[in-house]
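Taken in sequence, the protein lines are chains A and B.
Counting from 0, one number per residue, gives the positions in the first sequence under numbering that gives the first Met the number 0.
Counting from 0, one number per residue, gives the positions in the second sequence under numbering that gives the first Met the number 0.
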Amino acid sequence: MEKSIEEKEEFDESEIEYTSYAGEHHLPLIMSLVDQELSEPYSIFTYRYFVYLWPQLCFLAFHKGRCIGTIVCKMGEHRQTYRGYIAMLVVIKPYRGRGIASELVTRSIKVMMESGCEEVTLEAEVDNKGALALYGRLGFIRAKRLHHYYLNGMDAFRLKLLFPLKPRLPQIASQDQTQQEQENFTA
Amino acid sequence: MQPVREEESSSIQNDPGNCSIPSGDSSVWADVSPLLSAACTDLQEGELIHGDNFNLFAAMSALEIMDPKMDSGMVSAFYSIDEAIESGFAPVPISSDKTVNVESIIDIMDHLLVCEATWHMGHSLAQTVFSCIYVLRPERTSSQALLHSYCRVIRATCRAVVSVVSDARTNEEEDLLTMTYGLPFNGDEDAKGLLLLNAVEETICRQLRACKATSAKRRLLEELEPLQTNPHLEEGFCKALLCRIRFRKHFLHALNCMRRPQGRGHELARKHIASCISELQSLLESAEFLRSNTVNNGETEIEERTTASGRQPIGFDSTLNKRLSAPTPPRAIKLLSWKKAIDYFVKLLHNLDQICAFSLEPDLDFVLQFVIQFHKSRPDLVSRAHLQLLLVQDGKLYGRDTFLTICARLLAIDVSKNHGLHLNEYILQLNQLMINLLKILCANTPWQRRKLGKILNDWSIFNVQMGINVGQLMQQDTSRSQKNGDRSLFILNHVYGWIEEQIHWVALRFLVLGFELDLYSPSEYCMVYWYMYIILWKLHEKARLRVLIVVHSEERKAKRNKEYSRDMAREDRISLWVLLIQCQTSLTQGLTLMIAALRNEGMCLKSQGPFNTENEKFTQHFELLQKASLPEYDAYESFSKSTAHASLDFLPAYECFRDAQKMAKDIKVGYANDPDKLAEVRGIEQVAEHNVIAVNLLCQDRSLKVSLEFTHHPYFATAIVRRS
């Protein structure tokens, strides 16, 4: 769902403001950005499905008050793993290649990690060099190739990022312990 | 998702009334009308009422009415086919001017060829071939023999293709091809199309002869009406039509011949395929004549056109069946160009010819190597479906040999006396595993890789169970059974050994396909080559053992029976294959050590991201192999240990690349008569040779820049060294 890098806009990285999804007023901004950049049309229900259930995983990037990039994600159980999923990522052309997409993705991934996700996945077109490089730098592997995934007949890669496996048993034990300590304390 | 208002359940009127459908144990029927009418006045645009099970799929299935990208029901050019016909969109005859009529029919034929190729490549039948009103309603053209019979044959061909693909069921994720959306496929009527087309061909042949004949002869042929009215164009039009008609005829015949059981129609199919290819050449040659009759639109534009003449064909509208094709979103599809469509058919025909030329030897090594070779040209769905139907028919290889006999042959064992064995539970299971494997190997490579990864676990569980069972039986064994000539246990034991070899073969194919599908990034090559090395090493060990068994068993047979003729060619073939595995083992060992050394010296990037380490990437890439206990130990730990101390200084001493190079030289001699294999081995040899040089250069000068490229082989990398 991501696009490659083309013409540039003059700006300083510090001028870009990032904000988490904060309500209905952000929805039209996200929709217009995604509609203009991605070929597939999504109904308003699709956008709402994501941003109402996982507002904390949705971020917007602004430059001088103009929305220039956004990321929309979800997370949930998937075959016995708790998994994050990046559904849409858009940075408009003049702002690409300056780390804005990386920043948006990093912010979402951090929240997923803190929320207990074990892995993050997404799909990207096989010839979308920009997106593949971006996710490669962040530690994603190309786990699968999906034949004729897009309506135009193009294949996709399923990209996956696995978080380091924490030694589980000791961690659960310590959690129980703290809980118990807290209970003892409050009691 | 919250835009949604869910009314209190108490506000819903319960009406347990006389409902014929039971509501289930823990629920009751309720009248939702009050809720809906309340919602109607309350809901804003973009809000909806949903239940707990509302998910992404449901959200994405919602469509906005009158959005042309979502609403299939929106009226495009015509409301219905009848309306299109009434408006004169597809007239019969196309023109009262006979010349224009012929020209237009040729355009329709060309555009249909384009539609057919586009359909094969994964677009819907409704939007491609059946976007033609003449194909949709062939009964309208019954007075126009040429157009009518051609369209009938197109429909029969589509049916044959749908049938082969749906029978093969290789089509997961390619299932669009078999969806016919209830389009009219009248088998009987369409089957007659071929007879009609033959008659039409005959007439045009005579018309061609007539226009070329001298005036004396022409008088004899005077009764024959010419194809069209312009005598200067008669020959060109006749020729252009003949190659188009003949292509259709031979193509349908070829497809039908290929469906005969046990490959019996292959010889004849090859003749039809050869004719098809030569007719396609004539098609290309006819383009110059056809283009000369139209206003020139410039060469570049012609390249994009869907007809030889460059004109738009009459009677096509891809939106006609929009409502029929509802599961596919209403998108305009991009058709191939006429030239690209011809290229597609030439490739398809070559792939079909490869299948027909295959010698159907009852030898699994041979089959597996053929399938791998076949995939190298990236065959499309139609040819892969044909291959699958050939390989697996009625649960047997080629519909002829059981997998027990195939396995026995692999091990040079005679199973003819062991009548009970084919009912043995392990042999039955093995049969199923083999059928699955062969079917998977005919699927598209992305799907194939996923499936191979999954079946590894099945194979490995089966292997463990069989191992335990056979082991126990061997312990209990008395030599009684052997005296009766029943060597079932002996055979099972050998089959068990072979299964381990086969598991490693599948694992290797899984790893190699990762390169083909571009799944590995350069920072991951080290771990991938290490894994390939581990698998190849074991595969080599197992395969070598089998060669020894085969040679030993053949020698014994020859001793016992003086007249027994050993199949030396086959023995040589597997020995050569084993040597190739050994050569690849050395090469992957060399690559692992070289890349590890480069990483340790900081000359090549390590795989490191902000959120995880190489360990997680390793786990993800090889999860399925490790699940199947390939290898049985902690692979990541072993990989880390064996690569941690690799250094450029010691690299030349290992001589892995030199060994690979030497073996490749020997193998080349054995494959002198097999150009495909020879090319493969030559590639391996070059990789080894270049890497020997690269390692020597790098040892002398560490400031050199190095990159890994696939210039000589699709999955063995060559180190390219440059001055910085």
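All C-beta atoms, glycine included, are put in the ideal place defined by N, C-alpha and C.
* Asked: How would you write the range of the beta strand (DSSP E) that A718/B sits in, first residue to last?
  -> Indexing the second sequence from 1 puts residue 718/B at position 719. Taken as a continuous stretch (DSSP letters only), the beta strand (DSSP E) holding A718/B covers T717 to R721.
* Asked: Do we get a CB-CB distance below 9 Å when we pair R82/A with the residues of chain B?
  -> What you label residue 82/A is simply residue 83 of the first sequence in a count that begins at 1. It does not: the Cβ of R82/A has no partner Cβ on chain B nearer than 9 Å.
* Asked: Closest Cβ-Cβ distance between E115/B and chain A: below 9 Å?
  -> Sequence index remark: in the second sequence, residue 115/B carries index 116 (1-based). Not an interface residue.
* Asked: Quick one: which chain B residues come within Cβ less than 7 Å of A142/A?
  -> Counting from one through the first sequence, the residue named residue 142/A turns up at place 143. Those within 7 Å of A142/A in chain B are Q619.
* Just the Cα atoms here: how many angstroms apart are N52/B and C441/B? -> Your numbering for residue 52/B matches position 53 in the second sequence. Your numbering for residue 441/B matches position 442 in the second sequence. Approximately 38 Å, taken between the alpha carbons.
* **Local conformation of I371/B per DSSP, three classes** => Taking the first residue of the second sequence as position 1, residue 371/B is located at position 372. Correct three-state label for I371/B: helix.
* Asked: Distance, Cα to Cα, D109/B vs W337/B?
  -> Stepping through the second sequence from its first residue, residue 109/B is reached at position 110. Stepping through the second sequence from its first residue, residue 337/B is reached at position 338. Taking the straight line joining both Cα atoms gives about 7 Å.
* **Spatial neighbours of Y46/A in its chain, beta-carbon cut-off 8 Å, leaving aside the 5 residues before and after** => As a working note, residue 46/A is residue 47 in the first sequence. So the list reads L26, I29, M30, V33 and V71, once near-sequence residues are dropped.
* For I64/B, which of helix, strand or coil comes out of DSSP? -> In the second sequence, residue 64/B corresponds to position 65, counting from 1. Coil at I64/B, not helix or strand.
* Asked: Short check: CB of T444/B to CB of L512/B, under 9 Å?
  -> The residue given as residue 444/B occupies position 445 in the second sequence. The residue given as residue 512/B occupies position 513 in the second sequence. The answer is yes: Cβ separation under 9 Å.
* To do: May I have the straight-line CA-CA distance separating A144/B from A198/B, to the nearest angstrom?
  => Translated into positions along the second sequence, residue 144/B becomes position 145. Translated into positions along the second sequence, residue 198/B becomes position 199. Near 9 Å, if we compare the C-alpha coordinates of A198/B and A144/B.
* **Contained alpha helix (DSSP H) runs [length at least 4] in the region 340-388 of chain B, N- to C-terminal order** => 363-374
* Does the ligand NAD have a heavy atom nearer than 8 Å to the CB of A596/B? -> The ligand NAD is not part of the structure shown, which contains no ligands of any sort.
* **Residues within the region 144-157 of chain A neighbouring chain B, beta-carbon criterion of under 8 Å** => R144, L145, H146, H147, L150, N151, G152, D154 and F156
* To do: Check each residue of the region 437-457 of chain B: if its Cβ is closer than 7 Å to any Cβ of chain A, include it; give the result in chain order.
  => N443, P445, W446 and R449
* **8 Å contact criterion, which S281/B and C242/B should meet: CB distance rounded** => On the second sequence, residue 281/B is found 282 positions in, with the first residue counted as 1. On the second sequence, residue 242/B is found 243 positions in, with the first residue counted as 1. S281/B to C242/B, Cβ: 4 Å. Contact.
* Asked: Can you list, in chain order, the residues of its chain whose CB lies under 6 Å from that of E161/A, leaving out five sequence neighbours each side?
  -> Walking along the first sequence from the start, residue 161/A turns up at place 162. Going by the sequence as given, residue 161/A is Leu instead of Glu. Excluding sequence neighbours, L161/A sits near E118.
* Asked: Shorter than 9 Å from the beta carbon of S739/B to some beta carbon of chain A?
  -> Given that chain B is displayed from residue 0 to residue 723, the structure contains no residue 739/B and the question cannot be resolved.
* **For D400/B, the three-state DSSP class (helix, strand or coil)** => Looking up residue 400/B in the second sequence gives position 401. The answer is strand: DSSP assigns D400/B an E or B state.
* Short check: CB of L150/A to CB of S38/A, under 9 Å? -> The sequence position of residue 150/A within the first sequence is 151, counting from 1. The sequence position of residue 38/A within the first sequence is 39, counting from 1. It is a contact, given that the beta carbons lie within the stated cut-off.
* **Segment contact flag, the region 403-414 of chain B with the region 186-201 of chain B, C-beta cutoff 8 Å, min 3 pairs** => no
* Minimum C-alpha distance to N423/B - residue among Q475/B, P378/B and L488/B -> Indexing the second sequence from 1 puts residue 423/B at position 424. Comparing Cα positions, the closest option is L488/B.
* To do: Classify S131/B as helix, strand or coil using the three-state DSSP reduction.
  => As a first step, residue 131/B is located in the second sequence; it is residue number 132 there, counting from the start. Just to set this straight, residue 131/B is Cys in the shown sequence, not Ser. Here C131/B sits in strand by DSSP.
* Asked: Using 9 Å as the limit for Cβ to Cβ distance, is T189/A near chain B?
  -> Residue 189/A lies beyond the range of chain A shown here (0 to 186); nothing can be said about it.
* To do: Could you check the C-alpha separation between S130/B and N320/B for me, to the nearest Å?
  => Numbered from 1 along the second sequence, position 131 holds the residue referred to as residue 130/B. Numbered from 1 along the second sequence, position 321 holds the residue referred to as residue 320/B. Each residue's alpha carbon lies about 7 Å from the other.
* In chain B, which residues lie less than 7 Å from I99/A when you measure between Cβ atoms? -> Counting from 1 along the first sequence, the entry for residue 99/A is found at position 100. Those do not exist, as I99/A stays about 16 Å from chain B at its closest Cβ, beyond 7 Å.
* Return helix, strand or coil for R157/A, following the three-state DSSP convention. => Here residue 157/A refers to the residue found at position 158 of the first sequence. Correct three-state label for R157/A: strand.
* **I105/B versus L390/B: straight-line alpha-carbon distance, rounded** => The count along the second sequence starts at 1 and reaches residue 105/B at position 106. The count along the second sequence starts at 1 and reaches residue 390/B at position 391. Going by the C-alpha atoms only, they are around 38 Å apart.
* To do: Tell whether a beta-carbon distance below 9 Å holds between A142/A and L131/A.
  => For the purposes of this step, residue 142/A is taken as the residue at position 143 of the first sequence. For the purposes of this step, residue 131/A is taken as the residue at position 132 of the first sequence. No, they are not a contact pair.
* Figure out for me which residue from F44/A, R78/A, A60/A and R95/A has the closest Cα to the Cα of C116/A. => Along the first sequence, one-based indexing puts residue 116/A at 117. When each option's Cα is compared against that of C116/A, the closest is R78/A.
* What residues match up with V89/A in a beta bridge as DSSP calls it? -> Reading the first sequence from its first residue, position 90 is the one you call residue 89/A. V89/A pairs with T69/A.
* Asked: Using a beta-carbon distance below 9 Å, is Y48/A in contact with chain B?
  -> By 1-based counting over the first sequence, the position of residue 48/A is 49. Judged by the 9 Å Cβ criterion, Y48/A is in contact with chain B.
* **Backbone CA spacing between G64/A and A116/B [nearest angstrom]** => Position 65 of the first sequence, counted from the start, is the residue given in the question as residue 64/A. Position 117 of the second sequence, counted from the start, is the residue given in the question as residue 116/B. One C-alpha to the other measures close to 49 Å.
* Please name the residue, chosen from D166/B, L196/B, I107/B and I460/B, that lies closest to S148/B on a Cα-to-Cα basis. => Here residue 148/B is taken as the residue at index 149 of the second sequence, counted from 1. Nearest option by C-alpha distance: L196/B.
* Which one of L703/B, K395/B, S520/B and W28/B has the shortest CA to CA distance from P260/B? -> Along the second sequence, one-based indexing puts residue 260/B at 261. Measuring from the Cα of P260/B, the nearest candidate turns out to be K395/B.
* Asked: Whose Cβ in chain B lies nearer than 7 Å to the Cβ of P27/A?
  -> Your numbering for residue 27/A matches position 28 in the first sequence. Per Cβ cutoff of 7 Å: no residues; P27/A is ~10 Å from chain B at best.
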